[in-house]
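6 is the number of the first residue of the sequence shown in this note's numbering; add one for each residue after it.
Ideal Cβ positions, reconstructed from N, Cα and C, are used throughout, including at glycine.
Since we're looking at a predicted model, the values are computed, not measured.
Data first, discussion second: the structure below is written as structure tokens.
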Amino acid sequence: MKIAVFIFTAIFFLMVGCDNYEIKRDFKISSVASFPYEIEGLKTRWYFCEKCLKDKTCISDNVKQCNDVTVPDRSEALSLAMSRPNTEAVYFLIDVAKTDVNGVTKDDNETPLMIAAYYGSKRHQKIAKHMISLGADVNTFNDSRPNNTALLIAIWKNNVDFAKMLIENGAIADMSPVTGKKERSACEAAIIYGRVGIIPFIDGCSASLSKEIEPMAVAECK
């Protein structure tokens, strides 16, 4: 009798054990995108879903979780990886997982390029150039921030080399004609924040130093 119970129990766990494991599987990739030591976890979760979504035998709950959680979570994962930057994770998310280089974060409405402009290191600049080569828009506008483009963010943070790189890649110095309303221009931002190093690289800005710049409220970003 004891042997029969043992066999029944073993068969039961063999039948449901895998499903229980699958239910507990974590499908979020943003939770393993920040630090280099998490890279294998990031790859494992992405490759699982990549395989699952191509496999007709993959259980329906896993397919749903991959579609509803993992795939949409790529932009959030990229923003977290970018902030460090966790370079290997960034390139994996861009080149392998095909994350949208113009995707925005849920809370701050920021693109990866804006995040790179905030930090402005040489590694961030190298990644930014790669994203631009893949179609990242240097002029994406975030109307929830006073410094609402990657260029204005770079100027605010005094990341001169990064700002120069953006200008060389087509960053618009004054978005007012684009939005149809008065916006802070790159020249105004450079003068307001005292970023004299970038002024010579902004068309017409040096001449503006001798003119009165319209006073603007300097609101700090997070």
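| Below 8 Å between beta carbons: does that hold for alanine 102 and alanine 159? | no
| request: For tyrosine 26, count neighbouring C-beta atoms within 10 Å of its own C-beta (all shown protein chains included) and say buried if the count is 16 or more, exposed if not. | output: Residue placement at tyrosine 26 is flagged as unreliable, the pLDDT there being 44, under the threshold of 50; a coordinate-derived value is accordingly withheld.
| Spatial neighbours of valine 223 in its chain, beta-carbon cut-off 7 Å, leaving aside the 5 residues before and after | Unreliable placement is indicated for valine 223, whose pLDDT of 39 sits below 50; the coordinate value is still reported in the next sentence. Ile197, listed in sequence order.
| query | Counting Cβ pairs, one atom from each stretch, are 3 or more of them under 8 Å apart for the segment 111-118 and the segment 140-153? | reply | yes
| task | My understanding is that asparagine 156 touches arginine 189, with C-beta atoms under 8 Å, so please give their C-beta distance in whole angstroms. | result | One detail in the question is off: residue 156 reads as leucine in this sequence, not asparagine. That pair is no contact at about 11 Å.
| message | For asparagine 152, tell me which candidate among Ala191, Tyr124 and Val76 has the shortest Cα-Cα distance. | response | Ala191
| field | Per-residue burial, aspartate 208 [other beta carbons within 10 Å of its own, 16 or more giving buried] | value | exposed
| said: Suppose you measure from the CA of arginine 147 to the CA of threonine 154; what does that come to, to the nearest Å? | reply: Note on identity: in this sequence residue 147 is asparagine, with arginine being the wrong assignment. One C-alpha to the other measures close to 6 Å.
| request: Locate the alpha helix (DSSP H) running through glycine 46, then write down its first and last residues. | output: 44-57
| query | Can the beta-carbon of leucine 85 be found less than 8 Å from the beta-carbon of serine 149? | reply | no
| From isoleucine 137 to valine 201, what does the alpha carbon distance come to, in whole angstroms? | 26 Å
| query | Where does threonine 104 land, buried or exposed, given buried means 16+ other C-beta within 10 angstroms? | reply | buried
| Pairwise C-alpha distance: glycine 125 and isoleucine 172 | 14 Å
| If you draw a straight line from the alpha carbon of arginine 30 to that of valine 106, how long is it in whole angstroms? | 27 Å
| field | Helix, strand or coil at asparagine 72 according to DSSP, with G and I counted as helix | value | helix
| For isoleucine 44, the nearest candidate out of Lys69, Cys57 and Glu93 (CA to CA) | Glu93
| task | Please specify which runs of the alpha helix (DSSP H), each continuous and at least 4 residues long, are wholly inside the segment 174-206, giving them in chain order. | result | 181-184 and 191-198
| task | State the start and end residues of the unbroken alpha helix (DSSP H) segment that holds proline 117. | result | 117-124
| query | Rounded to whole angstroms, how far is the Cβ of arginine 79 from the Cβ of serine 39, which I believe are closer than 8 Å? | reply | Not quite, the Cβ-Cβ distance comes to about 14 Å (not below 8 Å), so this is no contact.
| task | Quick one: grab the DSSP three-state call for threonine 92. | result | helix
| request: Starting from the C-beta of phenylalanine 32, find all residues in its chain whose C-beta is less than 6 Å away, skip the five residues before and the five after it, and write them out in chain order. | output: Gln70, Val74 and Thr75
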